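Since the structure comes first, as structure tokens, the remarks are kept for the end.
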Amino acid sequence: MGRTYQGPASGEPLFERFGETPLRTAVFTYIGYLLLNILGRLQDFLRWCSVLPCPISGEPERTRSFVPLYSSYEAFYTRNLYRRVQDCWNRPICSPPSVEIDLMDRFSADFGWTFDFTGTKSRVLNLGSYNYLGFGASNGPSVAANERITYEFGVGVASSRQEAGSLILHRELENLVAEFLGMEAAIVFSMGFATNSLNLPCLVDKHCCVVSDELNHTSLVLGCRLSGATIRRFKHNDIEDLERILEEAVVYGQPRTRRPYKKILIVVEGIYSMEGSIVHLPEIIALKKKYKAYLYVDEAHSIGALGPRGGGVADYFGINPRDVDVFMGTFTKSFGSSGGYLAGPRRLIDYLRSCSHSAVYGGSMPAPITQQIITVMRIIMGREVPGEGANRIRRLAENTRYFRARLHEMRLTVYGNRDSPVVPVIISMPAKLVAFSRECLKRGLGTVIVGFPATSLLLSRVRFCISSAHTREMLDRALNVIDQVSEELQIRYSNDPMPNWALDLLAKERTSTTVAHALTNGVESKSMVNGDLAGKTKAKKTD
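Sequential numbering of the sequence shown, starting at 1, is according to UniProt numbering.
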């Protein structure tokens, strides 16, 4: 029996699923990659013999003896594997990234080396953008305020916060973020990636230990490496492994000297964007207190998307946010803007204002971007457009569970927590992964696929992102396409029983739909009867 974890504040049990790749699928996946590598070597040989054209730039003779700038296999993989399927990534768009999106049509006459635009565009249903609360559109309640602020402050600041780049809007936003999260103070930055990578080195040094989840985002990994601290990784969301590493860090101390660490920092994410899982925050907080460590939570994907108030993982689990030492988040996902923030004790935030490279040297957040975040956050908090924020949060939760339940019903291998709006579906085989993206696009569905080396060989996946702006009709249309393509590609790998919560949810959905149809048909029948009676009465009076 596995460990039982504390569920959300709603009182429901926690549900997460990570299915295993079937043996047959694993064997064919390895064979597929082997064949691709063999064909790639053959292509390179034929290019060397001038049998095949070589559109890549060659290396001059005078630099052949130099130390290579990149891995030879990385170049081989890019040249012979990725290049052939490049049309599935980096598709140019020509509209706001709302629930529907316009893609610029393009084609390649040389197998992905170059692309030409056709001059046409395709309208597709967007299941690939992080637009959880639907504020990524170019219309809505925040547009008027953004336009006013643009005329008043301009489109950029052209200075760092420490020089001439601090605006009254920045202070207003920082106070609002701190209040929204329930923390003492907050500081905002113009770039989410830099919020992690340039601030973690301010929190720990070579005499400290960072205990990091093995699936943490690249920005967290880079920040930990730049700090010079000792880095220990624990298995994804595995509390037993985390406790083992914390215990070893406390008992054995620093390498070689065995002196106690000055500080132990646990670094985790709220929602893991590649797995769709949610951090086991209550159990991690208990370990933090037990071993007197500090806790850093990256809420890039969970802020606004989790919890009854949209307050992130602390709100989701119903725990005191001040049990977390540092909250980090970005404004690109739920707020339809850009930038990031750190929130924590006031003493820490004041220290970061003077020591963070991102605050001292980085450009300030532009005024229109800042105003967009302020307006959206006030809507979520219910201070503007009362009820709108709560409705969006509720719709996102409903859409997420409905979408996941239907995927489970299709016997697809769905990863993650049932409340995570990031929904990964494992496809494994590289050829099927590419075919899935292309076939969905043909049917008017825009998706994001992720393969090796971003994932392990066996865990290539399509990653759906759900929004509160998706209507039920849109989701049903997308699910019908996914069902058709899954049947064609034979990717129904899951043999796990359908979870009870999904069975109950779909049963209620279908019951309510049946009742609605019955009521509609009853009203129509009654109207027809009344119409007939009226017609007969009128005819009788005429006679």
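Even glycine gets a Cβ: it sits at the ideal position worked out from N, Cα and C.
This structure is a prediction, so every number in the text was calculated from the model and none was measured.
- prompt: Does DSSP classify Gly223 as helix, strand or coil?
  reply: Collapsing the DSSP output to three states places Gly223 in a helix.
- prompt: What's the C-alpha gap between Phe452 and Asp102?
  reply: When only Cα atoms are considered, Phe452 and Asp102 end up about 28 Å apart.
message: Applying the 10 Å Cβ sphere with the 16-neighbour rule, what's the burial state of Val529?
response: Its pLDDT being 48, under 50, Val529 is placed unreliably by the model, and the measurement read from it follows with that caveat. Flag for Val529 reads exposed.
query: When burial is assigned at 16 or more other CB atoms within 10 Å of the CB, is Ala359 buried or exposed?
result: Around the beta-carbon of Ala359, 16 or more other beta-carbon atoms lie within 10 Å, marking it buried.
message: On a Cα-Cα basis, can you pick out the residue from Ile266, His408, Arg233, His207 that is closest to Arg256?
response: Comparing Cα positions, the closest option is His207.
field: Beta-bridge partners of Glu269, as assigned by DSSP
entry: Asp298.
message: Val267 and Val210 - do their beta-carbons sit closer together than 8 Å?
response: Annotated as proximal: Val210 and Val267, with beta-carbon spacing under 8 Å.
query: When DSSP labels each residue in this structure, what does Ser159 get in the three-state scheme?
result: Looking at Ser159 - three-state DSSP - the assignment turns out to be coil, as it is neither helix nor strand.
query: Between the stretch 219-237 and the stretch 392-400, do three or more beta carbon pairs fall short of 8 Å?
result: Fewer than three Cβ pairs drawn from the stretch 219-237 and the stretch 392-400 lie within less than 8 Å of each other, which leaves the two stretches out of contact.
message: Need the endpoints of the alpha helix (DSSP H) that Ala469 sits in, please.
response: Taken as a continuous stretch (DSSP letters only), Ala469 belongs to no alpha helix (DSSP H), as it is neither H nor E.
- prompt: Between which two residues does the alpha helix (DSSP H) carrying residue 548 extend?
  reply: This structure cannot settle anything about residue 548, because the visible part of the chain is limited to 1 through 543.
query: By DSSP, does Leu519 sit in helix, in strand, or in coil?
result: In the displayed model, Leu519 falls within a helix according to three-state DSSP.
- prompt: Residues bridged to Gly363 by DSSP?
  reply: Looking at the DSSP assignment, Gly363 forms a beta bridge with Ser160.
query: For Arg492 versus Met429, is the C-beta distance shorter than 8 Å?
result: Note that the C-beta distance between Arg492 and Met429 is not below 8 Å.
task: Please report how far the alpha carbon of Pro421 lies from the alpha carbon of Leu133, in whole angstroms.
output: Going by the C-alpha atoms only, they are around 10 Å apart.
- request: Enumerate in chain order the residues of its own chain whose CB-to-CB distance from Ile285 is below 6 Å, with the five nearest sequence positions on each side excluded.
  value: The answer, listed in chain order, is Asp323.
field: In chain order, each beta strand (DSSP E) run of at least 3 residues that lies wholly inside the stretch 282-357
entry: Those beta strand (DSSP E) runs which fall completely within the stretch 282-357 and span 3+ residues are 294-298, 326-330, 340-344.
At least 3 beta-carbon pairs within less than 8 Å: the stretch 132-146 vs the stretch 377-386: They touch, by the three-pair rule.
query: Looking only at its own chain, which residues have a Cβ that is under 6 Å from the Cβ of Arg443, when we skip the five neighbours before and after it?
result: Excluding sequence positions up to five before and after Arg443, its CB lies within less than 6 Å of the CB of Val481, all in the same chain and listed in chain order.
message: DSSP three-state label for Pro424, please.
response: Of the three classes helix, strand and coil, the one that applies to Pro424 here is strand, per DSSP.
task: With DSSP as the reference, please indicate the residues paired to Ser122 in a beta bridge.
output: Beta-bridge pairing links Ser122 to Leu103.
query: When you compare only the Cα positions, how much space is there between Asp504 and Ser494?
result: C-alpha separation (whole angstroms): 19 Å.
- prompt: Since Ala186 is in the beta strand (DSSP E), which residue starts that stretch and which ends it?
  reply: 185-189 is the extent of the beta strand (DSSP E) around Ala186.
Backbone CA spacing between Asp543 and Val515 [nearest angstrom]: Any reading at Asp543 must be qualified, since the residue scores a pLDDT of 39, below 50, and its modelled position is unreliable; the value itself is stated next. Whole-angstrom Cα-Cα distance: 42 Å.
task: Compute the Euclidean distance between the alpha carbons of Glu487 and Lys292, then round it to the nearest angstrom.
output: The alpha-carbon atoms of Glu487 and Lys292 are separated by roughly 52 Å.
message: Within 10 Å of its beta-carbon, does Glu12 have 16 or more other beta-carbons around it, so buried, or fewer, so exposed?
response: By the neighbour-count rule (16 or more Cβ atoms within 10 Å), Glu12 is not buried but exposed.
CA nearest to the CA of His280, picked from Ala249, Ile319, Ala300: Of the listed residues, the one whose Cα sits closest to His280 is Ile319.
Span separating the alpha-carbon of Lys536 from that of Glu509: Bear in mind that a pLDDT of 46 at Lys536, under 50, signals an unreliable position, so the number given afterwards is only what the model happens to contain. Answer to the nearest angstrom: the Cα atoms are 40 Å apart.
field: Own chain partners of Gln372 with C-beta closer than 6 Å, once the 5 adjacent residues on each side are dropped
entry: Exclusion of the five residues before and after Gln372 leaves Ser142, Asn146, Ser337 as the residues of its chain whose Cβ lies within less than 6 Å of its Cβ.
task: Indicate the three-state DSSP secondary structure (helix, strand or coil) for Asn417 in the structure shown.
output: Here Asn417 sits in strand by DSSP.
- prompt: Which of the three DSSP states, helix, strand or coil, is assigned to Met1?
  reply: The predicted model places Met1 with a pLDDT of 38, which falls under 50 and marks its position as unreliable; any figure quoted below should be read in that light. Three-state DSSP puts Met1 in coil, outside helix and strand.
- prompt: In the DSSP assignment, what are the bridge partners of Ser212?
  reply: Note: Ser212 sits in a beta bridge opposite Arg233, Val267.
Cβ-Cβ distance between Leu169 and Ile349 below 8 Å: Taking the C-beta atoms as reference points, Ile349 is found no nearer than 8 Å to Leu169.
field: Local conformation of Ile93 per DSSP, three classes
entry: In this structure, Ile93 counts as strand in the three-state DSSP scheme.
Ser98 (DSSP reduced to helix, strand or coil): Here Ser98 sits in coil by DSSP.
- request: Select from Asp87, Phe117, Ser138 the residue whose C-alpha is nearest the C-alpha of Pro96.
  value: Cα-wise, what sits closest to Pro96 is Ser138.
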